[in-house]
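Engineer:
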């Protein structure tokens with residue numbers, strides 16, 4: 006049995022296939038959780054499961070992104086944004102930042118996407134989540150340094166996060 010859907014990723018074409026999969030899976034999580042799609046922050050993360058996969062995807066990322074003088078960079082700005090066309094009601098989305106995550110033996114997910122809300126609407130949503138008024142698969146993210154709501158489903162091997170636009174920019178830098 007293969008534990009990870011795409012890993013180990015070995016080609017740039019497979020990386021782009023995984024990115025497309027993450028995109029649609031995260032929009033599915035958003036619709037399932039809230040009955041609508043929230044605006045996308047333009048961040049997409051791909052999770053590695055093997056050390057050699059991480060090394061290879063980091064090389065691919067280096068060719069796809071601008072170098073940064075910020076040594077704490079987590080997400081890297083894409084030289085050419087990745088545009089995923091609208092499909093089945095899911096809006097056309099442009100990803101401008103890419104993150105390749107180091108292997109984590111406790112995570113089986115393919116990757117993640119960030120959505121955002123204006124601060125007032127985010128505070129209202131977070132209050133509803135904290136009071137248990139949202140459905141299954143929605144929880145306040147447990148890292149105190151990141152004010153985010155996590156969307157998850159055991160049957161979907163991707164994660165999505167909702168926060169304010171300011172917070173989605175903050176996560177681009179390693180904490």
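In the working numbering, the protein residues as written are 6 to 180. Ideal placement from N, C-alpha and C gives every residue a C-beta, glycine not left out.
#1: Three-state secondary structure (DSSP) at residue 84?
#2: By the three-class DSSP mapping on this structure, what secondary structure does residue 113 have?
#3: Of the choices 124, 20, 79 and 96, whose alpha-carbon is the least far from that of residue 65?
#4: Does the distance from the C-beta atom of residue 204 to that of residue 115 stay below 7 Å?
#5: Return the bridge partner residues of residue 120 from the DSSP annotation.
#6: Taking C-alpha atoms, which residue in 25, 136, 11 and 126 lies nearest to residue 49?
#7: Buried or exposed: which applies to residue 131, given that a residue is buried once 16 or more other Cβ atoms fall within 10 Å of its Cβ?
#8: Leaving out the 5 sequence neighbours to the left and right, which residues in its chain are closer than 7 Å to residue 155 when beta-carbon positions are compared?
#9: Taking the alpha-carbon of residue 104 as reference, which of 113, 52, 120 and 94 has the nearest alpha-carbon?
#10: Report yes if the C-beta distance between residue 71 and residue 85 is below 7 Å; otherwise report no.
#11: Residue 108 and residue 54 look like a contact to me (Cβ under 8 Å); what is the Cβ gap, rounded to whole Å?
#12: What's the C-alpha gap between residue 45 and residue 122?
#13: At the level of alpha carbons, what is the spacing between residue 129 and residue 31?
#14: Is the beta carbon of residue 47 sitting closer than 7 Å to the one on residue 101?
#15: Return helix, strand or coil for residue 92, following the three-state DSSP convention.
#16: Can you give the beta carbon distance from residue 120 to residue 35, rounded, assuming they're within the 8 Å contact cut?
#17: Taking the alpha-carbon positions, what's the residue 6 to residue 13 distance?
Structural biologist: In terms of the structure at hand:
#1: In the chain shown, residue 84 corresponds to position 79, counting from 1. Strand, per DSSP.
#2: The sequence position of residue 113 within the chain shown is 108, counting from 1. In this structure, residue 113 counts as coil in the three-state DSSP scheme.
#3: Here residue 65 refers to the residue found at position 60 of the chain shown. The option with the nearest alpha carbon to residue 65 is 20.
#4: Because the chain here runs from 6 to 180, residue 204 falls outside it and cannot be looked at.
#5: Within the chain shown, residue 120 is the residue found at index 115, counting from 1. Under DSSP, residue 120 shares a beta bridge with 45 and 167.
#6: Numbered from 1 along the chain shown, position 44 holds the residue referred to as residue 49. The shortest Cα separation from residue 49 among 25, 136, 11 and 126 belongs to 25.
#7: Taking the first residue of the chain shown as position 1, residue 131 is located at position 126. Burial call: buried.
#8: Here residue 155 refers to the residue found at position 150 when the chain shown is read from its first residue. Non-local C-beta neighbours of residue 155 in its own chain, meaning closer than 7 Å and more than five positions away in sequence, comprise 144, 146, 164 and 166, ordered along the chain.
#9: For the purposes of this step, residue 104 is taken as the residue at position 99 of the chain shown. Of 113, 52, 120 and 94, the residue nearest in Cα terms is 52.
#10: Counting from one through the chain shown, the residue named residue 71 turns up at place 66. Counting from one through the chain shown, the residue named residue 85 turns up at place 80. In this structure, residue 71 sits away from residue 85, with a CB-CB distance that is not shorter than 7 Å.
#11: If you number the chain shown from 1, residue 108 lands on position 103. If you number the chain shown from 1, residue 54 lands on position 49. With 8 Å as the limit, residue 108 and residue 54 qualify as a contact, their Cβ atoms being about 5 Å apart.
#12: Numbered from 1 along the chain shown, position 40 holds the residue referred to as residue 45. Numbered from 1 along the chain shown, position 117 holds the residue referred to as residue 122. Roughly 9 Å between the two C-alpha positions.
#13: Looking up residue 129 in the chain shown gives position 124. Looking up residue 31 in the chain shown gives position 26. Taking the straight line from one Cα to the other gives about 21 Å.
#14: Numbered from its first residue, the chain shown carries residue 47 at position 42. Numbered from its first residue, the chain shown carries residue 101 at position 96. Going by C-beta atoms, residue 47 is nearer than 7 Å to residue 101.
#15: Within the chain shown, numbered from 1, the residue matching residue 92 stands at position 87. Of the three classes helix, strand and coil, the one that applies to residue 92 here is strand, per DSSP.
#16: The residue you call residue 120 lines up with position 115 of the chain shown. The residue you call residue 35 lines up with position 30 of the chain shown. Going by Cβ atoms, the distance from residue 120 to residue 35 rounds to 6 Å, so yes, they are a contact pair.
#17: Here the question's residue 6 lines up with position 1 in the chain shown. Here the question's residue 13 lines up with position 8 in the chain shown. Low per-residue confidence applies at residue 6: pLDDT is 44, beneath 50, and the placement is therefore not dependable, though the value from the model is reported in the following sentence. Answer to the nearest angstrom: the Cα atoms are 14 Å apart.
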